[in-house]
Amino acid sequence: MINFDFQHECTGCSACADACPVSCISMGEDRDGFRMPQIDQDSCVGCGRCEKFCPALNYMAGTYTDRKCYVVYHRNAGIRHCGSSGSVFYALAENVILHNGVVYAAAMDDRLKLRHTRATDMSGVHRQMKSKYLQSDTQGVYKQVQKDLKDGTTVLFVGTPCQCQALHNIIPPSLRSKLVLADMICHGVPSQSLFDKSIAHYERQHGCKVMHFSFREKTTEALRNYKMTIRKEDGQVAEKIGDSDGIPFCLGYFNHVTQRHSCYNCRQRSIERASDLTLGDFWALEQLKPVDDFQKGYSSVIVNSQLGGAILEQLTTCVVEEIENGIDFVASHNHAYTKPDEEGLMRLFFFGSTGFSVS
């Protein structure tokens, strides 16, 4: 049985719950709204699978030494506009779907709940597009991925570094050749509960129902604007685009105070990663090369394995350009790639002011 400081070390990835052969682990919420394992100790058989697969206890990054960095963006302007940066995810997913594979990535449902879903066609992939500043629910997904791999199906799994590390730990080497892991440059994961609370606050304040929420929209003002579709009390439907000021959740996220405790000491924020590819925004790209309107979106893609390099070569629908010394450049302009944020008093104040009790 896992024995550590859950409050400060658990990543909430749900791997332990999936791994337990007697289902004695379920995922609940702590006092700040973050997912935490709940263990029925009377049912535990002491098999140790939860400890073996936990990314907080077992950080097994690859030993690949030929990492390279690329700027990548989709050639189709419409598809590129629909993504958060260069729409690399769409191209990766399309390549896998065309070869009869499946794609696992986070998608928001009609109740604005974020969960990893299994896409077998491009309509499912469309729902998985764009950044989501939440921790997705992955309970049960690792088992599904393993079943697909056993059936000989190619799988693309896109998630946070800790989710990818968890899946890397779970999948045996004999099944690894058909699994493509893509993580992202992660800025930490807020909780679904905090998001739900912020949306409810907005609805009460403005007398409306939020029907759809996008965390990032490509507008003329900024890449980080959110967009909501709301239904007013008179039944009219409208769209609202704003920055962090309008939603407490966004205000806290962009000030780095909404992450779970483990994010502030994240081992996966490192060049050494278990994934095949690491995806992110290519901030400050204009310092390296001429850029045709950065608002259109440019992705940084870092190859972490031989498989990742082979997959990237297959993306004929994208412009792919290697950037010399790009890894160091990305690390210096997107700190979340290699450095966790500092956990300070503002986090404690934020959770207190939004109504959560503080651990």
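Note that the sequence shown covers residues -13 to 345 in my numbering.
Virtual Cβ for every residue (Gly too), placed ideally from N, Cα, C.
Where does the unbroken beta strand (DSSP E) through N155 begin, and where does it stop? In the sequence shown, residue 155 corresponds to position 169, counting from 1. From DSSP, N155 is part of no beta strand (DSSP E) but of the alpha helix (DSSP H) over 147 to 156.
Can you list, in chain order, the residues of its chain with a C-beta nearer than 6 Å to that of V31? Leave out the 5 residues immediately preceding and following it. Here the question's residue 31 lines up with position 45 in the sequence shown. Excluding sequence positions up to five before and after V31, its CB lies within less than 6 Å of the CB of V8, all in the same chain and listed in chain order.
How many angstroms separate the CA atom of S177 from the CA atom of L100? Position 191 of the sequence shown, counted from the start, is the residue given in the question as residue 177. Position 114 of the sequence shown, counted from the start, is the residue given in the question as residue 100. Put simply, the backbone Cα of S177 is about 10 Å away from that of L100.
Specify the secondary structure class of F337 as computed by DSSP and reduced to three states. Here residue 337 corresponds to residue number 351 of the sequence shown, with the count starting at 1. Assigned with DSSP and collapsed to three states, F337 falls in helix.
Quick one: residues in its chain with C-beta nearer than 7 Å to the C-beta of K195, no 5 flanking neighbours on either side, listed in chain order? Position 209 of the sequence shown, counted from the first residue, corresponds to residue 195. Spatial neighbours of K195 in its own chain (CB-CB distance under 7 Å, excluding positions within 5 residues in sequence) are listed in chain order as E189, I216, R217.
P41 - DSSP class collapsed to helix/strand/coil: Position 55 of the sequence shown, counting from 1, holds the residue named residue 41. Three-state result, P41: coil.
Cα-Cα separation, C40 to Q(-7): Translated into the one-based positions of the sequence shown, residue 40 becomes position 54. Translated into the one-based positions of the sequence shown, residue -7 becomes position 7. Going from the Cα of C40 to the Cα of Q(-7) covers about 15 Å.
Per-residue DSSP class, three states only, for E329: Within the sequence shown, numbered from 1, the residue matching residue 329 stands at position 343. In this structure, E329 counts as coil in the three-state DSSP scheme.
Which residues does DSSP list as the beta-bridge partners of D267? One-based indexing of the sequence shown puts residue 267 at position 281. Its beta-bridge partners are S285.
Tell me which residue opens and which closes the alpha helix (DSSP H) that C68 is part of. Here residue 68 is taken as the residue at index 82 of the sequence shown, counted from 1. Unbroken alpha helix (DSSP H) run through C68: 63 to 68.
With a threshold of 8 Å between beta-carbons, can V196 be considered close to chain C, or not? Any reference to chain C falls outside this structure, which holds one protein chain only.
Any 3 or more C-beta pairs closer than 8 Å across the region 264 to 279 and the region 316 to 335: Contact between the region 264 to 279 and the region 316 to 335 is present, because at least three Cβ pairs lie under 8 Å.
Of the residues V306, Q254, S285, the one placed nearest T146, counting alpha carbons only: For the purposes of this step, residue 146 is taken as residue 160 along the sequence shown, with counting starting at 1. Put simply, of V306, Q254, S285 the residue whose alpha carbon is nearest the alpha carbon of T146 is Q254.
Cβ contact (3+ pairs, closer than 8 Å) linking the region 54 to 72 and the region 110 to 128: Cβ pair count under 8 Å is three or more, so yes.
Own chain, CB closer than 7 Å to E37, minus 5 neighbours either side, in chain order: Taking the sequence shown and counting its residues from 1, one reaches residue 37 at position 51. The beta carbon of E37 is closer than 7 Å to those of I(-12), L43 in its chain, skipping five residues each way along the sequence.
Apart from the five residues on each side of it in sequence, which residues of its chain come closer than 8 Å, Cβ to Cβ, to K282? Along the sequence shown, read from residue 1 onward, the residue named residue 282 stands at position 296. Result list for K282: Y59, A63, R66, H67, K204, in chain order.
Which word fits S29, buried or exposed, when buried means at least 16 other C-beta atoms lie within 10 angstroms of its C-beta? As a position in the sequence shown, residue 29 is number 43, starting the count at 1. Label assigned to S29: exposed.
Measuring straight from C-alpha to C-alpha, what distance separates H112 and A91? Position 126 of the sequence shown, counting from 1, holds the residue named residue 112. Position 105 of the sequence shown, counting from 1, holds the residue named residue 91. Each residue's alpha carbon lies about 11 Å from the other.
Reference E358, options E(-5), G87, D18, Q151, closest by Cα: The chain is shown from -13 up to 345; residue 358 falls before or after that span and cannot be answered.
Taking the alpha helix (DSSP H) that A296 belongs to, which residues open and close that run? Position 310 of the sequence shown, counting from 1, holds the residue named residue 296. Unbroken alpha helix (DSSP H) run through A296: 292 to 299.
Which word fits G266, buried or exposed, when buried means at least 16 other C-beta atoms lie within 10 angstroms of its C-beta? One-based indexing of the sequence shown puts residue 266 at position 280. With 16 or more other Cβ atoms within 10 Å, it is buried.
Tell me the DSSP secondary structure of D107 in three-state form. Position 121 of the sequence shown, counted from the first residue, corresponds to residue 107. Residue state, collapsed to three classes: coil.
Selected residue, minimal CA-CA separation from D314, among S109, R53, E15: Taking the sequence shown and counting its residues from 1, one reaches residue 314 at position 328. Measuring C-alpha to C-alpha distances from D314 to each of S109, R53, E15 identifies R53 as the nearest.
Give the DSSP-derived three-state secondary structure of H102 in the structure shown. In the sequence shown, the residue the question calls residue 102 occupies position 116. Strand at H102.
Take the Cβ of F245 as the centre, count every other Cβ of all protein chains shown within 10 Å, and call the residue buried at 16 or more, exposed below. Reading the sequence shown from its first residue, position 259 is the one you call residue 245. The identity of residue 245 in the sequence shown is Gln, whereas the question assumes Phe. Flag for Q245 reads buried.
Contact check, A77 vs A105, beta carbons under 8 Å: Within the sequence shown, the letter at position 91 stands for residue 77. Within the sequence shown, the letter at position 119 stands for residue 105. No, the Cβ-Cβ distance between A77 and A105 is not below 8 Å.
Does Y250 come out as helix, strand or coil in the three-state DSSP assignment? Numbered from its first residue, the sequence shown carries residue 250 at position 264. If DSSP states are grouped into helix, strand and coil, Y250 belongs with the helices.
F199 bridges to which residues according to DSSP? Looking up residue 199 in the sequence shown gives position 213. Its beta-bridge partners are M214.
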